[in-house]
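Student: The structure under discussion is supplied below as structure tokens; questions concerning it will follow.
Protein chains: 2
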Amino acid sequence: MSKVGGMEGNHILLDNPPLKEAYRFLRKGLAGKMLVFFIADCEVSYRGRARSYLSRGERLIVIKPDGSLLIHRDKGYEPVNWQPPDTVISTRLTDNHLLVKSVRKSVNEVVEIHIFDLKVLGCYRLKDIGTFTMYGREEDMKKAIEMFPSLIEEGFKVLRTERKVRPGFIDVFGVDSQGRLTVVELKSGTSSMDAVLQLKKYVDSLKKELGVTEIRGILASPRITKRGLQLLKTLKLEYKPLSPAKCLKYLERKKGLKL
Amino acid sequence: MSKVGGMEGNHILLDNPPLKEAYRFLRKGLAGKMLVFFIADCEVSYRGRARSYLSRGERLIVIKPDGSLLIHRDKGYEPVNWQPPDTVISTRLTDNHLLVKSVRKSVNEVVEIHIFDLKVLGCYRLKDIGTFTMYGREEDMKKAIEMFPSLIEEGFKVLRTERKVRPGFIDVFGVDSQGRLTVVELKSGTSSMDAVLQLKKYVDSLKKELGVTEIRGILASPRITKRGLQLLKTLKLEYKPLSPAKCLKYLERKKGLKL
DNA sequence: GCCTAGGTCCCGTTT
DNA sequence: AAACGGGGCCTAGGC
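In structure tokens, the structure reads:
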């Protein structure tokens, strides 16, 4: 049984197609820069930064017009095999199976799908000019602190954000009410020892660069791990509880609108 | 036009179904713990650790039997919105649209999809008992070094792997030909300053724990960034070029088989 | 549950 | 092209 829908160029939908028919329309979909998906009984091999082999079974496979490839089993957020955008997809039909190959040349990586049977094949051109907006990331915390420096502490003033130091950028650089230079490292989620070491790195770099012996280091985030806090205290750094949610409330108040 | 395939319980495939029909079979697929996918003209909102809003457009949506949810636009490896496994999916049909809601209670996070139109709906039970194996990760480097310590240097001996220290685990702990204690940090990819700081942390912790003043620290990876190497030298640590690929060759030689 | 560390991480941005 | 840091990162493994 092979039922077919929408063959007039807009989209393609094949129910349980024979390999040969699937091959024909798969090529059509790929050539037409459509979003292609299919459920296939297949084997998958990957070679590149690492190697992997997935033995035979049914999976959902998605190929996007930009060359990204996703192979999903029936569990989990992550694809079992994949390629990021900018791969070249090629196909080949032999007697008993269909090969789909995705090659990324920038970093030599190859995914090969050996297909023995297809349950369904769909090709669509997504009409999507929608806009995507996200709130509550580190960037929003930064904006809020620029507008409301007291979110860090009373008397705090921002000198600048994204200040360059040797190894990267300081999230927020300012002075406290006593006039002491202060480095603020922001995290939108839980801070762990990594974040503490990062702050330490920035404080030390800046001391060296400016030839100053005293610079305060403040880590601002909604939560910090126990070990992170321990390390922080050992290194004479400070912690300020601050959540993206609280920052957003301040931003909304300023703009007078709900996000 | 709504063509229908495989309604006998095995799978469901609807071509351009009216919302009402889609709703009925969507519920059927979800209740039957099938893999569900559809292409929909929709809006998406997310609230949890952060918030986001995606305005109207066509996307490919996948709901897995384990409760994971993926919403893909026609570009990129990553879904624009998603939920990891263990969410509760609910649906509601109103006059002019279909709502699909995914709630994760462990960390209060909600994704809502407002659907205005469906291009296709599929529900399948994936038959997949295949095995997945991967080679060339840090773990394989560790195994290879245990069997062939000279991969680090002549005369090197492994005392143990995964040795616990204050803040975590040392990848490989051993002694060199001079009897000096040595900490090895492995990276399967390019090492940057982070990796160097990680190694430093381990070396320092171990010095403290053992009351020893001299411990060698070796970072082994296929590549290291310029700044990483700079920092490494400043901190009196060492670099050993070592790739997963080379480790795999040694492992294959040992096992006498091709991976 | 918390916490650490790895990942074929991906991805944007800047040098 | 290299490199650094963020991410709703996700996921596995200890404790």
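Going down the list, the sequences are from chains B and R. Numbering-wise, the numbering used here comes out as the position in the first sequence, counting from 1, plus 5. Numbering-wise, the numbering used here comes out as the position in the second sequence, counting from 1, plus 5. C-beta atoms are modelled at their ideal positions from N, C-alpha and C, and glycine is treated no differently. In this text, all values refer to a predicted model and were calculated from it rather than measured experimentally.
List the whole-angstrom C-beta distance separating Asn86 of chain R from Ser57 of chain R, where the pair is believed to meet the contact cut-off of C-beta under 8 Å.
Tutor: 7 Å
Student: Fully enclosed by the segment 169-253 of chain B, which beta strand (DSSP E) runs are 3 residues long or longer?
Tutor: Within the segment 169-253 of chain B, the runs of beta strand (DSSP E) at least 3 residues long that lie entirely inside it are, in chain order, 173-180, 186-191, 221-226, 243-246.
Student: For a cutoff of 8 Å on Cβ pairs, would you count Gly222 of chain B as touching chain R?
Tutor: no
Student: Pairs of beta-carbons, one from the segment 144-151 of chain B and one from the segment 237-246 of chain B, closer than 8 Å: are there three or more?
Tutor: Short answer: they don't touch.
Student: Return the residue from the list R:Met198, R:Val125, R:Asn21 that minimises the CA-CA distance to Arg228 of chain R.
Tutor: R:Met198
Student: Using the Cα positions of Leu18 of chain B and Phe43 of chain B, report the straight-line distance between them to the nearest angstrom.
Tutor: 10 Å
Student: Output needed in chain order: residues of the segment 83-101 of chain R with a Cβ under 7 Å from some Cβ in chain B.
Tutor: Within the segment 83-101 of chain R, the qualifying residues are Val85, Trp87, Pro89, Pro90.
Student: Would Asp133 of chain R and Arg78 of chain B be called neighbours here (beta carbons separated by less than 8 Å)?
Tutor: yes
Student: Could one say the Cβ of Ile270 of chain R lies closer than 8 Å to chain B's Cβ atoms, at least one of them?
Tutor: The shown model of chain R, from 6 to 264, leaves out residue 270 of chain R, and the question about it has no answer.
Student: Within 8 Å (strictly less), CB to CB, does Asp176 of chain R reach chain B?
Tutor: no
Student: Of the choices R:Lys80, R:Glu83, R:Gly222, R:Leu74, whose alpha-carbon is the least far from that of Gly81 of chain B?
Tutor: R:Leu74
Student: Apply the 10 Å Cβ neighbour rule to Phe174 of chain B and answer buried if 16 or more other Cβ atoms are within range, or exposed otherwise.
Tutor: exposed
Student: Give the DSSP bridge partners of Tyr129 of chain B, in chain order.
Tutor: B:His16, B:Leu40
Student: Taking Thr99 of chain R as the reference, which of R:Asp20, R:Ser155, R:Asp122, R:Val41 has the closest Cα?
Tutor: R:Asp122
Student: Around the C-beta of Leu262 of chain R, are 16 or more other C-beta atoms found within 10 angstroms, so that it is buried, or is it exposed?
Tutor: Because Leu262 of chain R sits at a pLDDT of 48, beneath the cut-off of 50, its placement in the model cannot be relied upon, and the following sentence gives the value as read from the coordinates. Exposed, by the Cβ-count rule.
Student: Can you tell which of R:Leu253, R:Gly53, R:Asp91, R:Gly127 has the C-alpha that lies nearest to the C-alpha of Leu29 of chain R?
Tutor: For clarity, residue 29 of chain R is Arg in the given sequence; the question names Leu instead. That would be R:Gly127, whose Cα lies nearest to the Cα of Arg29 of chain R.
Student: Please list the residues of the segment 58-76 of chain B that have a C-beta atom closer than 9 Å to any C-beta atom in chain R, keeping them in chain order.
Tutor: Tyr58, Leu59, Ser60, Arg61, Gly62, Glu63, Arg64, Leu65, Val67, Lys69, Pro70, Asp71, Ser73, Leu74, Leu75
Student: What do you reckon, is the C-beta of Glu243 of chain B under 7 Å from a heavy atom of the ligand GTP?
Tutor: By its list of ligands, the structure shown contains no ligand whatsoever, and the ligand GTP lies outside what it can speak to.
Student: If we define contact as Cβ-Cβ less than 8 Å, is Lys132 of chain B a contact residue for chain R?
Tutor: yes
Student: What does Lys241 of chain R touch in chain B if you count any residue whose Cβ is under 7 Å from its own?
Tutor: Those do not exist, as Lys241 of chain R stays about 17 Å from chain B at its closest Cβ, beyond 7 Å.
Student: Just tell me which of B:Ser155, B:Ile220, B:Ile94 has its CA closest to the CA of Leu247 of chain B.
Tutor: B:Ser155
Student: Using the Cα positions of Leu224 of chain B and Arg168 of chain R, report the straight-line distance between them to the nearest angstrom.
Tutor: 30 Å
Student: What separation, rounded to the nearest whole angstrom, lies between the Cα atoms of Leu35 of chain B and Asp20 of chain B?
Tutor: When rounded, the distance between both Cα atoms is 18 Å.
Student: Output yes if chain R places a C-beta closer than 8 Å to the C-beta of Ile157 of chain B; else output no.
Tutor: It does not; no Cβ of chain R falls within 8 Å.
Student: Starting from Ile150 of chain R, trace the alpha helix (DSSP H) in both directions and tell me its first and last residue.
Tutor: 143-152
Student: Check whether chain R comes within 8 Å of Asp122 of chain B, counting only Cβ atoms and requiring the distance to be less than that.
Tutor: no
Student: Residues of chain R with CB closer than 7 Å to the CB of Leu40 of chain B, please, in chain order.
Tutor: Simply Leu65, Asp79.
Student: What are the start and end residues of the beta strand (DSSP E) that includes Ser57 of chain R?
Tutor: 56-68
Student: What residues from chain R crowd round Tyr140 of chain B, counting only those whose CB sits closer than 8 Å?
Tutor: Ala55, Arg56, Ser57
Student: So, with DSSP's three-state summary, where would you put Glu82 of chain B?
Tutor: The sequence given here places Tyr at residue 82 of chain B; Glu does not occur at that position. Tyr82 of chain B falls in the coil class under three-state DSSP.
Student: Name the chain R residues that come within less than 8 Å of Gly34 of chain B, Cβ to Cβ?
Tutor: Here the premise fails: no neighbours, minimum Cβ distance about 12 Å.
Student: Report the three-state DSSP secondary structure of Phe30 of chain R (helix, strand or coil).
Tutor: helix
Student: Can you pull the chain B neighbours of Phe137 of chain R, defined as C-beta to C-beta under 9 Å?
Tutor: Within chain B, the residues placing a beta-carbon under 9 Å from that of Phe137 of chain R are Val49, Ser57, Tyr58, Leu59, Ser60, Arg78, Val85, Asn86, ordered along the chain.
Student: Excluding sequence positions up to five away, which residues of its chain have a Cβ less than 6 Å from the Cβ of Gly37 of chain R?
Tutor: none
Student: Which first and last residues belong to the beta strand (DSSP E) in which Leu104 of chain R is found?
Tutor: 103-109
Student: Which of helix, strand or coil does DSSP assign to Ser155 of chain B?
Tutor: helix
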